[in-house]
Amino acid sequence: MAKRKRDEAHRSAATTNGSTKAAKVQSQPKDAGSTKVATKSIVNGSNGIEKESNGTVAPAPKGSAPKIRKTEKHVDVKTEFPTIQIVTGSYERVLHGISANISIEDDILKATFADSFLFNAHASAVRCLALSPMPEDPSQGVYLATGGSDERVNVYSLSASPMPEADSKGRKVPSMPSLGPNKISENPMNRELGTLVQHSSSVTALHFPSRSKLLSASEDNTVSITRVRDLEVISTVKAPKPKVAGQASGDSTDVGTTPAGVNDFAVHPSMKLMVSVGRGEKSMRLWNLVTGKKAGVLNFDRAILQAVKEGKYSHGEGRKIQWDKDGTEFAIAFERGVVVFGQDSKPRCALMPQRLTKVHQIAYFAVDDEKQLMAVSTEDGKILFFDTTQASDPQEDIPVLNPVAYMGGEKHSIQNRVKDFKILDLAKHEYPGYLVVVGCSNGEVRLLMVNKSELNKPSSDDGLVGSAAKEVYATGSRITCLEAFVMLPPHDIEGGLSEAESVLGSGADSEDSSDED
Numbered sequence: 000m001a002k003r004k005r006d007e008a009h010r011s012a013a014t015t016n017g018s019t020k021a022a023k024v025q026s027q028p029k030d031a032g033s034t035k036v037a038t039k040s041i042v043n044g045s046n047g048i049e050k051e052s053n054g055t056v057a058p059a060p061k062g063s064a065p066k067i068r069k070t071e072k073h074v075d076v077k078t079e080f081p082t083i084q085i086v087t088g089s090y091e092r093v094l095h096g097i098s099a100n101i102s103i104e105d106d107i108l109k110a111t112f113a114d115s116f117l118f119n120a121h122a123s124a125v126r127c128l129a130l131s132p133m134p135e136d137p138s139q140g141v142y143l144a145t146g147g148s149d150e151r152v153n154v155y156s157l158s159a160s161p162m163p164e165a166d167s168k169g170r171k172v173p174s175m176p177s178l179g180p181n182k183i184s185e186n187p188m189n190r191e192l193g194t195l196v197q198h199s200s201s202v203t204a205l206h207f208p209s210r211s212k213l214l215s216a217s218e219d220n221t222v223s224i225t226r227v228r229d230l231e232v233i234s235t236v237k238a239p240k241p242k243v244a245g246q247a248s249g250d251s252t253d254v255g256t257t258p259a260g261v262n263d264f265a266v267h268p269s270m271k272l273m274v275s276v277g278r279g280e281k282s283m284r285l286w287n288l289v290t291g292k293k294a295g296v297l298n299f300d301r302a303i304l305q306a307v308k309e310g311k312y313s314h315g316e317g318r319k320i321q322w323d324k325d326g327t328e329f330a331i332a333f334e335r336g337v338v339v340f341g342q343d344s345k346p347r348c349a350l351m352p353q354r355l356t357k358v359h360q361i362a363y364f365a366v367d368d369e370k371q372l373m374a375v376s377t378e379d380g381k382i383l384f385f386d387t388t389q390a391s392d393p394q395e396d397i398p399v400l401n402p403v404a405y406m407g408g409e410k411h412s413i414q415n416r417v418k419d420f421k422i423l424d425l426a427k428h429e430y431p432g433y434l435v436v437v438g439c440s441n442g443e444v445r446l447l448m449v450n451k452s453e454l455n456k457p458s459s460d461d462g463l464v465g466s467a468a469k470e471v472y473a474t475g476s477r478i479t480c481l482e483a484f485v486m487l488p489p490h491d492i493e494g495g496l497s498e499a500e501s502v503l504g505s506g507a508d509s510e511d512s513s514d515e516d
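Numbering that gives the first Met the number 0 applies: residue 0 is where the sequence shown begins, and numbers increase by one.
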């Protein structure tokens with residue numbers, strides 16, 4: 000009897016102590032900084048906040064401040080970006096597709112590469128590439144055109160979005176086996192559509208003014224306009240063969256050695272005017288795309304050629320040509336410099352590298368709604384940025400401008416010539432800047448990132464802007480041309496056929512009919 004009373008007394012005392020402790024805990028304020036949790040925490044290094052294993056957030060240890068989001072010049076400590084599809088052509092006839100996943104961790108650009116496709120697309124060197132505008136539907140493809148020295152133009156349909164990790168039923172998509180160090184991410188939506196054989200010489204330039212039309216230029220002095228729907232040539236513009244002054248005569252002259260052909264062309268944003276430059280011609284030709292006839296010829300006078308250091312032993316011909324996005328000016332690249340012309344076809348200024356070197360590629364890109372820059376790639380591995388609205392000396396007939404900024408070169412570990420590059424705007428992906436995809440002559444593909452604020456006001460004294468990823472993709476081939484685009488988000492793997500395949504099976508689409516009217 001006494002033993003039972005002692006047990007009841009112990010139980011009542013334990014109950015009283017437990018209720019007292021619970022009351023003390025409830026009386027304490029609910030402060031996350033004073034709460035102690037005995038469970039093991041998982042530290043998230045991106046923001047300095049500790050996450051508990053049960054999903055709750057614990058305070059950061061004393062003496063460590065959480066990292067603050069950088070909005071003016073930098074991004075978050077870790078920012079994920081969409082997949083980038085890169086396509087390169089080479090002297091070795093190889094067409095190489097590369098997908099790149101990029102991210103920024105602590106202001107350091109990182110990249111992971113994977114092979115999308117790799118095959119011999121032509122019987123000789125791949126000379127040029129062109130991509131069509133992006134579709135709105137991820138299930139539709141992006142058209143890719145390749146031109147080579149074998150007189151052929153191949154047209155492909157590339158997937159606009161990367162392969163998803165799982166299909167619509169939740170089944171994980173298996174990865175492709177690889178014998179090399181690079182990962183393989185083959186996409187079944189990448190397909191060949193056909194081949195164009197209308198040219199009789201090497202293809203020199205390609206351009207998609209819209210998703211329904213393809214323009215191709217060749218050394219046979221013709222520019223062909225092809226309908227993408229059925230790969231039918233609907234019109235051909237033929238330029239006259241140039242007459243070269245001072246050419247050798249007699250037995251020393253071989254048959255067919257007169258330089259001829261269209262080096263490059265550019266279509267005005269209105270789709271009604273085209274400007275072309277050709278081999279052996281110190282002039283540019285204007286074409287009316289409405290009638291398909293020549294609109295005029297403008298010769299390069301001595302002042303223009305002297306501004307870009309075209310001397311007695313230079314060809315004096317335009318190599319590349321580009322319109323700006325508004326169609327208010329266009330630029331023609333010569334061997335060692337660039338001349339910018341207005342709508343009246345009068346020279347505004349000349350763009351020259353501070354160190355005299357060869358020019359390989361040019362491109363306009365917009366920094367904001369009011370400002371645009373001209374990017375020029377050079378022989379010494381740099382990409383120079385020029386502001387065409389500035390004038391160094393108004394007293395000169397053709398002012399010569401110096402670059403306002405540059406990227407690449409030895410400081411970004413690029414010492415070979417930049418054969419081609421593409422500037423991709425990442426404004427839609429919460430980054431106020433650009434990704435620059437560079438193709439070097441030694442076969443390396445490099446990625447560089449530059450912020451818009453750096454382009455407006457470079458932080459370094461020498462004008463160096465941007466940062467380069469340490470990861471470099473070596474294609475193993477001598478790159479001649481490059482294209483790249485930002486892929487759309489992944490969609491259902493069973494989404495359907497590409498636009499070209501659906502059109503070939505169902506008939507004419509609305510876009511083709513509207514363009515032909």
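Glycine included, each C-beta is placed from N, C-alpha and C at the ideal position.
Treat the numbers as computed from the prediction; the structure is a model and nothing was measured.
Residue j and residue i - do their beta-carbons sit closer together than 8 Å?
{"i": "L463", "j": "Y405", "result": "yes"}
{"i": "G260", "j": "S200", "result": "yes"}
{"i": "G341", "j": "A349", "result": "no"}
{"i": "R126", "j": "L195", "result": "no"}
{"i": "H359", "j": "R278", "result": "no"}
{"i": "N153", "j": "A120", "result": "yes"}
{"i": "N220", "j": "K242", "result": "no"}
{"i": "F384", "j": "P402", "result": "yes"}
{"i": "F207", "j": "S131", "result": "yes"}
{"i": "T87", "j": "I478", "result": "yes"}
{"i": "V449", "j": "T387", "result": "no"}
{"i": "M486", "j": "A129", "result": "no"}
{"i": "A517", "j": "L423", "result": "Residue coverage of the chain in this structure runs from 0 to 516, which leaves residue 517 outside it and unanswerable."}
{"i": "K421", "j": "L481", "result": "yes"}
{"i": "T474", "j": "V437", "result": "no"}
Specify, as a first and last residue, the run of the beta strand (DSSP E) that residue i falls within.
{"i": "G217", "result": "In the sequence under discussion, the amino acid at residue 217 is Ser, which differs from the Gly named in the question. Note, S217: beta strand (DSSP E), K212 to S217."}
{"i": "L94", "result": "V93 to E104"}
{"i": "R354", "result": "Note, R354: premise wrong, no beta strand (DSSP E); not H, not E."}
{"i": "T479", "result": "I478 to V485"}
{"i": "M283", "result": "S282 to N287"}
{"i": "D114", "result": "I107 to N119"}
{"i": "R126", "result": "V125 to L130"}
{"i": "Q139", "result": "First-last for Q139: undefined, no H or E at that position."}
{"i": "M273", "result": "L272 to G277"}
{"i": "G341", "result": "V337 to G341"}
Under the three-state reduction of DSSP, which class applies to residue i: helix, strand or coil?
{"i": "N298", "result": "strand"}
{"i": "K182", "result": "strand"}
{"i": "K240", "result": "coil"}
{"i": "N262", "result": "strand"}
{"i": "L205", "result": "strand"}
{"i": "Q321", "result": "strand"}
{"i": "Q414", "result": "coil"}
{"i": "L192", "result": "strand"}
{"i": "Q230", "result": "As written in the sequence, residue 230 is Leu, which differs from the Gln given in the question. Coil at L230, not helix or strand."}
{"i": "A122", "result": "coil"}
{"i": "Q305", "result": "helix"}
{"i": "M133", "result": "coil"}
{"i": "Y363", "result": "strand"}
{"i": "K292", "result": "strand"}
{"i": "T87", "result": "strand"}
With respect to the alpha helix (DSSP H) encompassing residue i, which residues constitute its N-terminal and C-terminal limits?
{"i": "L454", "result": "K451 to N455"}
Flag residue i as yes if its beta-carbon sits less than 8 Å from any beta-carbon of chain B, otherwise no.
{"i": "E185", "result": "Looking for chain B here will not work: only one protein chain is present."}
Legend entry - Unbroken stretches of the alpha helix (DSSP H), 4 residues or longer, contained in the region 376 to 412: none
Legend entry - Cβ contact (3+ pairs, closer than 8 Å) linking the region 180 to 200 and the region 97 to 116: yes
Legend entry - Contiguous beta strand (DSSP E) assignments of at least 3 residues, all confined to the region 142 to 167: 152 to 158
Inset, instruction - May I ask you to verify whether the region 155 to 165 touches the region 225 to 233, counting CB pairs closer than 8 Å and requiring at least 3? - result: no
Legend entry - Segment contact flag, the region 317 to 336 with the region 289 to 309, C-beta cutoff 8 Å, min 3 pairs: yes
Inset, instruction - Any chance you could list the beta strand (DSSP E) runs of at least 3 consecutive residues sitting entirely within the region 423 to 471, in chain order? - result: 432 to 439 and 443 to 450
Legend entry - the region 101 to 111 touching the region 464 to 480, judged by at least three CB pairs closer than 8 Å: yes
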